[in-house]
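Comments concern the structure below.
2 protein chains.
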Amino acid sequence: MVYFYIMSQRTEVSSYGEFGLIHHLTKNIELQNASSILGVGDDAALIDHFGKQTVVTTDLLIEGVHFDLSYTPLKHLGYKSIVVNLSDVYAMNATPTQVTLSIGISNRLSVEALEDFYEGALAACTRYGVDLVGGDTSSSQKGFIISVTALGEVAPDKAVKRSTAGKGDLLCCSGDLGAAYLGLLFLEREKKIFLEHPGVQPDLENESYVIGRLLKPEARHDIITFFEQADILPTSLMDISDGLSSEILHICEKSGMGCLLYEEKLPIAEDTRQAAYKFQIDPTACALSGGEDYELLFTVRQEDYDKMKDSALVHIIGHITEAASGAHIITKGGQSHPITAQGWNALRN
Amino acid sequence: MVYFYIMSQRTEVSSYGEFGLIHHLTKNIELQNASSILGVGDDAALIDHFGKQTVVTTDLLIEGVHFDLSYTPLKHLGYKSIVVNLSDVYAMNATPTQVTLSIGISNRLSVEALEDFYEGALAACTRYGVDLVGGDTSSSQKGFIISVTALGEVAPDKAVKRSTAGKGDLLCCSGDLGAAYLGLLFLEREKKIFLEHPGVQPDLENESYVIGRLLKPEARHDIITFFEQADILPTSLMDISDGLSSEILHICEKSGMGCLLYEEKLPIAEDTRQAAYKFQIDPTACALSGGEDYELLFTVRQEDYDKMKDSALVHIIGHITEAASGAHIITKGGQSHPITAQGWNALRN
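Protein sequences, first through last, are from chains A and B. The numbers in numbering that gives the first Met the number 0 rise by one with no breaks, and the one at position 20 of the first sequence is 19. The numbers in numbering that gives the first Met the number 0 rise by one with no breaks, and the one at position 329 of the second sequence is 328.
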């Protein structure tokens with residue numbers, strides 16, 4: 000249930016001090032992975048990936064840029080902060096094993112709010128089998144600041160980059176696209192209404208799918224497992240955080256290739272279509288340019304088609320061509336248009 | 000030479016966009032370490048520590064909390080942002096190998112300012128032999144936000160924690176203490192004068208030592224090398240970032256020990272003493288409670304005394320006792336006082 004944030008019990012962060020607060024928020028952490036040799040509480044954490052290679056990725060989430068606390072429950076925000084980083088680890092065909100979590104907190108946030116945030120973050124850690132092994136806690140002059148670094152492990156030669164797609168490879172993605180962007184549109188619309196008519200809580204029950212995709216995304220560990228079980232090594236792989244178009248162009252540019260994408264093949268959930276119609280926008284545009292899907296985009300050799308064709312997890316949406324052909328989308332009407340990146344841009348503010 | 004920031008040439012960040020800006024700032028990076036398999040430009044970086052264990056640490060630096068851009072040159076800030084994280088890696092008796100650098104930037108910062116910042120960060124990377132392998136770039140609603148994660152490697156069983164000091168061990172530190180805090184006092188005083196009399200640039204040439212210690216600290220890689228060459232494995236080790244008292248109490252508490260510290264043994268530079276006298280404060284108080292020294296604090300077994308006694312790098316400042324004796328400092332006058340933590344606290348604002 001979505002709701003607009005109303006303060007309840009409130010303990011000031013200043014009643015703890017830095018070390019007390021860290022201890023309070025991390026005291027229940029139990030390390031799950033054999034690779035986590037030493038966790039929170041020293042100058043650094045100590046990790047042993049025992050012959051595997053280490054993957055490292057980091058994301059900075061800033062209030063007012065990446066999230067709006069007026070409609071983002073802190074527990075969901077904690078969960079999402081971890082998940083978006085794990086998604087980048089899976090996007091290397093690797094398994095996440097550890098995270099560090101740093102926060103900068105303004106005095107608007109109470110200890111109870113931070114407890115909610117950590118509860119969500121630790122729930123994601125438990126769900127994905129990773130250990131929270133470190134971080135930093137600081138005050139912030141304005142706004143809540145979150146920085147997460149995720150570490151993962153991968154057998155040598157199993158990591159998959161963006162830059163290695165080959166001509167003729169099948170272009171594929173997981174799940175469905177465009178929902179999170181529509182969730183954002185609903186929440187922004189209701190926020191405006193709420194600000195004009197305080198006290199009126201929004202009724203968004205019918206939009207729970209698209210809103211859920213925005214507020215509590217999951218990372219596609221099941222796709223990595225599928226690759227392993229089906230004995231597929233993708234030729235390129237990345238996650239879809241800025242929008243499908245933008246990500247496809249990354250793969251094409253880094254691989255020195257072009258592509259053909261088919262509009263009719265784009266996976267869009269029925270709830271997403273209905274939501275798009277309510278805003279009178281094209282569902283295809285949402286799938287192409289809406290951000291924050293956290294699905295995986297990848298290419299596989301044509302020989303691997305048989306290994307994939309019966310899986311409900313993945314969709315073949317196009318194929319890789321020579322660079323000279325450019326990157327194009329074939330519409331349902333049969334027309335060809337160049338793919339342009341209109342993805343979400345964290346510097347656009 | 001310290002100066003107060005005056006804008007010169009200015010290119011707006013928005014003229015680049017996120018990917019363009021990252022590319023612009025990181026295009027000259029060449030990976031130095033064999034362990035850096037893949038650097039900036041994919042979902043994650045790829046690292047192979049080849050049988051060694053991985054150390055990971057992270058720090059969040061926030062404008063107005065950790066630094067003041069009115070007297071901190073951006074090049075120095077970039078350098079320091081890296082160094083303070085490397086210090087935490089050395090504090091595990093490990094060798095830093097990679098860093099990630101994320102920034103949140105308000106539109107007050109120009110591309111030229113960010114170039115200066117990266118120039119400093121990359122200078123630190125070169126100086127300490129680490130590779131910048133990833134990061135994130137975002138806008139910030141207010142203030143400059145910096146998040147660095149450092150990775151390092153250490154042979155199994157060579158990592159040194161805070162929690163393993165033993166009774167009778169010698170308590171030691173590197174370098175000298177208290178200077179950075181006095182540097183901060185000078186700069187804050189001159190900032191006030193500058194704000195009251197704009198255009199008057201400060202004359203701080205005589206205070207270059209203490210100001211340099213604040214603005215451009217170094218991490219003590221030489222101490223880790225010394226340990227290795229002298230065949231010393233400290234029984235506990237950490238870096239001094241919040242102030243000596245606070246750090247000593249961490250070692251005592253985590254190790255379940257007490258200690259005796261001797262005021263006369265505290266290493267304080269002559270420039271630091273003179274600076275303290277100008278502010279009419281006790282140099283000892285600066286050494287005990289001033290933060291940001293980035294020296295190393297460690298304990299060694301008494302049997303290792305002979306290996307250390309001729310080194311100018313390290314100072315024996317006390318010894319470890321049973322927990323029941325508490326943690327005390329013996330003053331020059333021979334009195335005993337409990338050590339109290341009055342270190343710099345990032346949540347105090």
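From the three backbone atoms N, C-alpha and C, an ideal C-beta is built for every residue, glycine too.
- When Cβ-Cβ separations below 7 Å define contact, A:D309 makes no contact with chain B.
- Assignment of B:P282 by DSSP, reduced to helix, strand and coil, places it in the helix class.
- For A:R9, the nearest beta carbon of chain B is not closer than 7 Å to its own beta carbon.
- Around the beta carbon of B:K26, fewer than 16 other beta carbons lie within 10 angstroms, which makes this residue exposed.
- Distance from the Cα of B:E294 is smallest, within the candidate group B:L236, B:A274 and B:P155, for B:L236.
- Secondary structure note for B:G134: it is in no alpha helix (DSSP H), and the uninterrupted beta strand (DSSP E) holding it is D130 to S138.
- Of the other Cβ atoms in all chains shown, 16 or more fall within 10 Å of the Cβ of B:K79; this residue is therefore buried.
- One alpha carbon belongs to A:E152, the other to A:P337, and they sit about 37 Å apart.
- If the five residues before and after B:N106 are omitted, its C-beta is found closer than 6 Å to no C-beta atom of its own chain.
- The criterion of a C-beta distance shorter than 7 Å is not satisfied by B:G119 and B:H65.
- Between B:L85 and B:A149 a beta carbon distance of about 6 Å is seen, short of the 8 Å cut, so the two are scored as contacting.
- Of the candidates A:H22, A:I315 and A:Q52, the residue whose Cα lies closest to the Cα of A:D156 is A:Q52.
- Counting along the chain, A:F193 sits inside the alpha helix (DSSP H) bounded by residues A178 to E195.
- Note: B:H318 is bridge-paired with B:L169 and B:L259 in the DSSP secondary-structure output.
- The C-beta of A:S101 comes closer than 7 Å to at least one C-beta of chain B.
- Counting C-beta atoms within 10 angstroms of its own C-beta, A:F278 has fewer than 16 neighbours from the protein chains shown and is therefore classed as exposed.
- A distance below 8 Å between beta-carbons, with the five flanking residues on each side excluded, links A:R161 to the following residues of its chain, in chain order: S235, L236, M237, H249, I250, K253 and S254.
- Per DSSP, the beta-bridge partners of A:I104 are A:S138.
- Under the 8 Å Cβ criterion, the region 309-323 of chain B counts as touching the region 164-171 of chain B, having at least three qualifying pairs.
- Looking at the DSSP output, B:T99 bridges to B:G133 and B:T148.
- Under DSSP, B:V54 shares a beta bridge with A:L45 and B:G151.
- The contact set of B:H48 on chain A, defined by CB atoms closer than 8 Å, consists of H48 and T53 in chain order.
- A:A326 has A:C258 as its beta-bridge partners, per DSSP.
- In the DSSP assignment, B:D67 falls outside any alpha helix (DSSP H), carrying neither H nor E.
- DSSP, reduced to helix, strand and coil, places B:F297 within a strand of the structure shown.
- For B:S310, there is no enclosing alpha helix (DSSP H), as DSSP marks it with neither H nor E.
- Taking 7 Å as the cut-off, the beta carbon of A:G103 is found no closer than this to the beta carbon of A:V39.
- Going by beta carbons, B:Q31 and B:D130 fall inside the 7 Å limit.
- In the displayed model, B:D238 falls within a strand according to three-state DSSP.
- Residue environment for B:P197: exposed (fewer than 16 other C-beta atoms within 10 angstroms of its C-beta).
- Going by DSSP, B:L85 is part of the alpha helix (DSSP H) stretching over L73 to Y89.
- Residue burial annotation: B:H48 is buried, with at least 16 other C-beta atoms found within 10 angstroms of its C-beta.
- Distance check between A:Q200 and each of A:Y70, A:S173 and A:S288 places A:Y70 closest, using alpha-carbon atoms only.
- Using a Cβ-Cβ cut-off of 7 Å, B:L59 counts as an interface residue toward chain A, since at least one Cβ of chain A sits closer than that to its own.
- Here the region 133-144 of chain B lies against the region 55-65 of chain A, with 3 or more beta-carbon pairs under 8 Å apart.
- Only those residues of the region 159-186 of chain B whose C-beta falls short of 8 Å from the nearest C-beta of chain A are listed: K160, R161 and S162.
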